[in-house]
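Since the structure comes first, as structure tokens, the remarks are kept for the end.
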Amino acid sequence: MITLERTNINNFTFINLVKELDADLAIKDGKDHTFYNQYNKLDTIKNVIVAYEYGKAVGCGALKEYSNDTVEIKRMFVSKNQRNKGIATKILLGLEKWSRELGYKKSILETGKRQPDAISLYKKNGYIITANYGQYTTVENSVCFEKLL
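Numbering (our numbering) for the sequence shown: 621 to 769.
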């Protein structure tokens, strides 16, 4: 059974999951990791979800305000041994629900071309590829998505 906890960036469990995420991304991003990592700071994130399976933390995701009506999905992660169970979809749907409750109308996100599982997840959940935005505008390895909430 998967449960979702709404919390914030000070949550110790979230911080530990982000450390796992960053280690995983360092491998996938290779030489580009330093560039991407500068945009993954937690100081601008307020809303966090941690997913638990039978009380054990298995994944996370976060929201970051992009504009008055748009929220950016950040720090999506599911532990390696917990993947392919639908946990990421549950986290994503939980973040979307919370975003709507906060009054946002659109969700955007960025992932890398070297992350086919993430690209598949977002497409499966109704996200459409859009032009790269913000700091990702000229980054060839970035794939940006959006979804109306």
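Yeah, the Cβ is synthetic: ideal placement off N, Cα and C, and Gly gets one too.
Return the residue from the list Lys676, Ser762 and Thr623 that minimises the CA-CA distance to Arg734.
Ser762
Does the pairing of the region 705–723 with the region 749–756 give three or more beta-carbon distances under 8 Å?
no
Could you round the C-beta distance between Ile693 and Ser727 to whole angstroms and report it? I think they count as a contact, below 8 Å.
6 Å
6 Å Cβ shell around Thr750 - same chain, five flanking residues per side excluded
Cys764 and Glu766
Counting only runs of 4+ residues fully inside the region 692–725, write out the alpha helix (DSSP H) ranges in chain order.
707–721
In chain order, what residues of the same chain have a beta carbon less than 7 Å from the beta carbon of Val678, not counting five sequence neighbours either side?
These residues qualify, in order along the chain: Ala671, Tyr672, Val698, Ser699, Gln702 and Ile707.
Pull up the DSSP beta-bridge partners for Ala751, would you.
BP columns for Ala751 are empty, so no partner.
DSSP state of His653 mapped onto helix, strand, coil
In this predicted model, His653 has a pLDDT of only 49, less than 50, meaning its place in the structure is not dependable; the value taken from the coordinates is given anyway. His653 falls in the helix class under three-state DSSP.
Residue from Glu760, Leu729, Gly746 and Thr633 with nearest C-alpha to Cys680:
Thr633
Rounded separation between Lys743 and Glu716 - CA only
Taken atom to atom, the span from the alpha-carbon of Lys743 to that of Glu716 is near 15 Å.
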